Amino acid sequence: RFPRALRPTALSATTPQNSGTISLDPSALVIFSKTSCPFCVKAKDVFEAMKVSYRVVEIDEREDGCFLQHTLGILTGSRTVPRVFVNGVCIGGAQQTIDLYKKGELLALIMKSYLK
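Residues in the sequence shown are numbered from 4 upward in steps of one, following this note's numbering.
Here you go:
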């Protein structure tokens with residue numbers, strides 16, 4: 004986790020092959036995932052169970068997926084997927100998401116983004 008002053012409020016990635024940019028709205032809930040990853044399914048299942056809307060970026064379906072995964076590694080300290088962002092901050096992967104959910108802290112994090 005980044006110290007507050009260093010936390011990214013937006014993540015953008017652009018490659019020569021893909022001039023598109025992914026931007027994270029600080030109030031968004033975004034999961035960077037791979038389609039065949041069982042841990043990614045577990046993270047998505049948490050939000051499905053909570054009936055919370057979220058955006059999924061399937062990095063293995065993108066031309067710039069390798070670059071995006073490398074960028075996530077630089078920003079979050081880990082290249083593994085899923086990478087779950089709540090309120091513009093990476094909360095970790097599947098296990099961290101599940102742990103926050105079980106402790107009842109995940110909903111509070113999500114609600115903060117809507118109560119700003």
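Glycine included, C-beta positions come from ideal geometry on N, C-alpha and C.
Keep in mind the model is a prediction, meaning the values are calculated, not measured.
Measuring straight from C-alpha to C-alpha, what distance separates residue i and residue j?
i: Val49; j: Cys93; result: 16 Å
i: Ala97; j: Asp67; result: 23 Å
i: His73; j: Thr83; result: 10 Å
i: Gly107; j: Met53; result: 11 Å
i: Phe42; j: Ile34; result: 11 Å
i: Tyr105; j: Leu78; result: According to the sequence provided, residue 105 is Lys. The question's Tyr does not apply to it. When rounded, the distance between both Cα atoms is 26 Å.
i: Gly91; j: Lys115; result: 11 Å
i: Phe88; j: Ser81; result: 13 Å
i: Glu51; j: Leu110; result: 13 Å
i: Leu103; j: Cys69; result: 28 Å
i: Tyr57; j: Gly95; result: 15 Å
Confirm, please, whether the CB-CB distance from residue j to residue i is below 9 Å.
i: Lys47; j: Ser39; result: no
i: Arg65; j: Leu75; result: no
i: Val55; j: Ile113; result: yes
Once you ignore the five residues that flank residue i on each side, which residues in its own chain have a CB closer than 7 Å to its CB?
i: Ile101; result: Lys45 and Val49
Excluding the five sequence neighbours on either side, which residues of its own chain have a C-beta within less than 8 Å of the C-beta of residue i, listed in chain order?
i: Gln99; result: Val87
| request: May I have a chain-ordered list of the alpha helix (DSSP H) segments no shorter than 4 residues that lie completely inside the stretch 25-66? | output: The alpha helix (DSSP H) runs of length 4 or more contained entirely in the stretch 25-66 are, from start to end of the chain, 41-53.
| Entirely enclosed beta strand (DSSP E) segments - the stretch 81-108, minimum 3 residues | Runs found: 86-89 and 92-95.
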